[in-house]
Amino acid sequence: AVDDDLPEGDHTSTISYEITSTGDEAQYPDTLEIPSTEITITDNDADDVGQVLISEISGLTEGGEPGTYTIALDTEPAGPVEIKIMADDESEISLDGETFSTEVMVTLEDTTPTTITVMAVDDDFLEGDHTSTISYEITSTGDEVTYPDTLNIPSTEISITDNESVTTTPEIIISESPILFEGGTGIYTVALTKTPTGEVEITINADDQTEISLDGTTFASEQVLTFNEATLQTITVRGLDDQEVEGDHESTISHEITQSEDTVNYPLGDVGLVTASIFDNDIPIVTITATDLEAAEKDQDPGSITITRSGDTTEELTVSYMTFGSTATADDYSETLNGSVTIAAGESSVELKITPEIDFLIDEGDETVNLVLNSSQDYNLVGNTFAQITIADDTSSVPDNSTRFVWNNPLTGENILWKIDATKQVTTVTLPTLDLNFEIQGSGDLNGNGDNQDVFLLNTVTGAIQYWQVQGEEINQVVVDTGEVNLLEWEIQEFADFDGDSKDDILAYKSDTGEVAILTIDAETLVNQGILERDGQPLLITPDTGWQIQGAGNFNGDDGPDQILWHNQNTGEVGIWEIDGNELADAAFVTRNDEPVLAPSSTGWQIEGVADFSGDGQQQILWYNSENGYIATWQMFNKELVEGAIITRDGQPLSILPSEGWSIQGVADVNQDGKYDIVWNNNNTIAVWELDGPELANSMTIEQPPEAGFNPTLI
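For the sequence shown, position 495 (counting from the first letter as 1) is numbered 555 according to our numbering, and the numbering increases by one without interruption.
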């Protein structure tokens, strides 16, 4: 095989022959046609090449109803793939099922199957049952790696039943040879193409491997066909069921005109042989089936392939197979597929479990495991000899709990991602460059995939919005249709799940009217769920009331929706809103001993965040006092202040005054111990306080130098 550099897939090589000189013109003239040799070649350049999947199609009849099959890509292409489909002169094809021709073009943009309709050409001559070949050629591709225009696509062979039985040429037509099992039957036909002038008898003789019948019931080694007109007669062949393991074999059936009243058109003599192919039923039939054809990396959900044998099970049977055309590698599943499997004595089948491995690859797509049975003298292959399992990719099964910063350069629009692991090591990833008018508004799980670090971006001039799905080191930019919402009229306050659907919503506020609204992203369109109301009346919380939204969290300690946290700068009251849709279901002050707890801004206290700092599943409120530098937490339970405590170290209160340059950047579980930590920023130097409740357990500065000219946002 020629070792080229083209990824054309498995293909064939044709070797042809020509007599150029002969010493026997009678037996071997130089015009003698010698059949060519077809050799199958496995492509060694096709590791990344996809497959064009062609489904099976049932046989057609001339003048009969058309049939259909499908063509599809097994992998999502990077761009459209255009395939020319060509039929030979025995059939015609159509994309709409109405307009037929010998050539159509189909464009495949994803893995959705396209239906091809095929109709047998209804000619006027008797050629017997025959086949039609449909071939394929990639004429244009938007994905040269997976679907190059050199990719070999196997042709489709379709069986066609001839609907002609009479011609004007006097002939005896014997149809194709039958295929049968020992003890089973097959059929073939014998026909005269012209009505004889008198009776014609054809004697049929079978050898010692078969018997024949004219009525399908009475079998013998010899039968006599009688023709008085140009008709077609069916002969049934039955394989003799012996007890000998001789393997698959053949039987020869002869035909001779032994009596003719029309010797001009049908003279006496031999008129042809039929060679019947017989499967030995003294060895088992082996088939393969994907009994669970869908596996998944998520939860390592396995798929299964079952290999089944027929007949006697007293002895074990070893069946050989090969993996062929699989896109998954041996590293993608836990089983060792070594090319053979043994069906134990007393068992009729064996199951191969294909258990996916969580391989920590990013967005590798679905992969396939293909098994093809190999032939053997110990068994017959009939029916299914190929099975495929699809392994569904699951990037969410690969946890990435790193703490992340997006660093933005306001002068160039460049962005850099910091991923800080539990050991405080930083990995940097270059992010897309943005229009200078885009600003980061926050982050949340906007698509419900379990990752709460989708970055929400707003164009402060046009109102356009998008969000980034941060998956490992890859970024998927999702453009969101703003619909009827003009975000430039609103102030985004928080991203949280207010309806319990596992997707974060957007809490928005209008300072000029005091309106509060919940916005959601539905099918990549921004939707306003409505102004928050109580008893059918809009709730208007204007700035002059002193109330400000300070965050959101679940203060009930359950798995229900989040609540809105308010702080009144004038009175110091802290309030919690529970909402149902756009209706205020409950509003309450944070109390202690049934009395509201007050923390007016005049005392220096401001809310900095909401998180679980103790690891007990309960949300706490983080406070900072700008006058004395104290940091405090409120331990909450169902809107009740259980405990308020100044953060200490070794029993001593900690104080970080604003004059020292440090400010709280946000909260995150940096060391991934289940307890949230405080993240500090001093002129873009990042530091972390690891908390154990109100006690500072550890503090450190991130050693990665700040990105010069960039400003960080904790996401």
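Ideal Cβ placement from N, Cα and C applies to all residues, glycine included.
Quick caveat, the model's predicted, so the values are computed rather than measured.
| For E289, the nearest candidate out of K254, E321, P660 (CA to CA) | Among K254, E321, P660, the Cα nearest to that of E289 is on K254.
| Between T74 and P137, is the Cβ-Cβ spacing less than 8 Å? | No, the pair does not count as a contact, with Cβ atoms beyond the cut-off.
| request: State the CB to CB distance for the pair G508 and K563, rounded to an integer number of angstroms; the pair is presumed to be in contact (CB under 8 Å). | output: Contact between G508 and K563 holds: their C-beta atoms lie close to 4 Å from each other, under 8 Å.
| query | In this structure, does DSSP put T72 in helix, strand or coil? | reply | T72 falls in the strand class under three-state DSSP.
| Between the C-alpha atoms of L684 and G711, what's the straight-line distance to the nearest angstrom? | The displayed chain sequence assigns Tyr, not Leu, to residue 684. In a straight line, the C-alpha of Y684 is about 18 Å away from that of G711.
| What span of residues does the beta strand (DSSP E) with F287 cover, start to end? | 282-287 is the span of the beta strand (DSSP E), which, as asked, contains F287.
| Own chain, CB closer than 7 Å to D392, minus 5 neighbours either side, in chain order | Hits under 7 Å: P416, E417, D419, E427, I451.
| said: So, under 8 Å CB-CB, D70 and T97 are touching, yes? Tell me the CB distance rounded to an integer number of Å. | reply: Cβ-Cβ separation between D70 and T97: approximately 17 Å, too far for a contact (criterion under 8 Å).
| task | Quick one: give me the first and last residue of the beta strand (DSSP E) that S320 is part of. | result | Counted as a single uninterrupted DSSP element, the beta strand (DSSP E) harbouring S320 occupies residues 309-320.
| CA-to-CA distance, E142 to Q448, given in whole angstroms | The straight-line gap from Cα to Cα measures roughly 25 Å.
| field | Status (buried if at least 16 other CB within 10 Å, exposed otherwise) for G769 | value | Exposed, since its Cβ has fewer than 16 Cβ neighbours within 10 Å.
| Among I343, M382, Q303, N430, which residue has its Cα nearest to the Cα of S364? | Residue N430 is the option with its Cα nearest to S364.
| query | Considering only C-alpha positions, which residue in the set F279, D268, L240, I232 is nearest to E261? | reply | Selected option, being the one with the closest Cα: I232.
| query | Comparing alpha-carbon positions, which option in T245, D268, P256, H309 lies nearest T278? | reply | For the residues T245, D268, P256, H309, the minimum Cα distance to T278 belongs to T245.
| query | Between I566 and L548, is the Cβ-Cβ spacing less than 8 Å? | reply | Taking 8 Å as the Cβ cut-off, I566 and L548 do not qualify as a contacting pair.
| Between D148 and the rest of its own chain, which residues show a CB-CB distance below 7 Å, the 5 nearest in sequence each way excluded? | So the qualifying residues of the chain are S192, T193.
| query | When we look at the beta-carbon of T228 and count the other beta-carbons within 10 Å, is it buried (16 or more) or exposed? | reply | Note on T228: pLDDT 44, under 50, position unreliable in the model; no value is reported.
| Check whether P208 and V112 have beta carbons under 8 Å apart | Against a cut-off of 8 Å, the Cβ pair of V112 and P208 comes out as no contact.
| Is S96 helix, strand or coil by DSSP? | In this structure, S96 counts as coil in the three-state DSSP scheme.
| query | Counting only runs that start and end within the stretch 113-201, where is the beta strand (DSSP E) found for 3 or more residues in a row? | reply | Restricted to the stretch 113-201, the beta strand (DSSP E) segments that are unbroken, complete and at least 3 residues in length are 127-133, 141-147, 151-154, 163-168, 174-180, 190-201, listed in chain order.
| When DSSP labels each residue in this structure, what does A390 get in the three-state scheme? | Looking at A390 - three-state DSSP - the assignment turns out to be helix.
| Leaving out the 5 sequence neighbours to the left and right, which residues in its chain are closer than 7 Å to D557 when beta-carbon positions are compared? | So the list reads K563, D564, D565, P621, D622, once near-sequence residues are dropped.
| message | In the DSSP output, what is A404 paired with across the bridge? | response | Bridge partners of A404: none, in fact.
| query | Should Y527 be labelled buried (16 or more other beta-carbon atoms within 10 Å of its own) or exposed? | reply | Burial of Y527 is indicated by the presence of at least 16 other C-beta atoms within 10 angstroms of its C-beta.
| task | In angstroms with no decimal places, state the Cα-to-Cα distance between I176 and E116. | result | In a straight line, the C-alpha of I176 is about 11 Å away from that of E116.
| request: Select from A405, E687, T383 the residue whose C-alpha is nearest the C-alpha of L397. | output: The residue with the shortest Cα to Cα distance from L397 is T383.
| message | Extract the residue ranges of the beta strand (DSSP E) inside the stretch 435-501, only unbroken runs of 3 or more that lie entirely within it. | response | You should have 446-452, 463-468, 475-480, 486-491.
| Tell me the DSSP bridge mates of Y527? | Its beta-bridge partners are F516, V538.
| Cβ separation of S311 and L333, assumed to be a contact under 8 Å, to the nearest whole Å | Going by Cβ atoms, the distance from S311 to L333 rounds to 10 Å, so no, they are not a contact pair.
| field | Distance between I738 and T761 (C-alpha atoms, nearest Å) | value | Rounded to the nearest whole angstrom, the CA to CA distance from T761 to I738 is 12 Å.
| Would you call the CB atoms of E763 and I476 closer than 8 Å? | Contact: no.
| field | D604 (DSSP reduced to helix, strand or coil) | value | Correct three-state label for D604: helix.
| message | Which of the three DSSP states is assigned to L717 in this structure? | response | Three-state DSSP puts L717 in coil, outside helix and strand.
| said: Let me check one thing: in DSSP terms, what residues is D352 bridge-paired to? | reply: DSSP lists S364 as the bridge partner or partners of D352.
| If you draw a straight line from the C-alpha of E68 to the C-alpha of L433, how long is it? | If you take the alpha carbons of E68 and L433, they lie about 24 Å apart.
| field | the ligand FMN heavy atom lying under 7 Å from the CB of Q529 | value | You won't find the ligand FMN in this model; it holds no ligand whatsoever.
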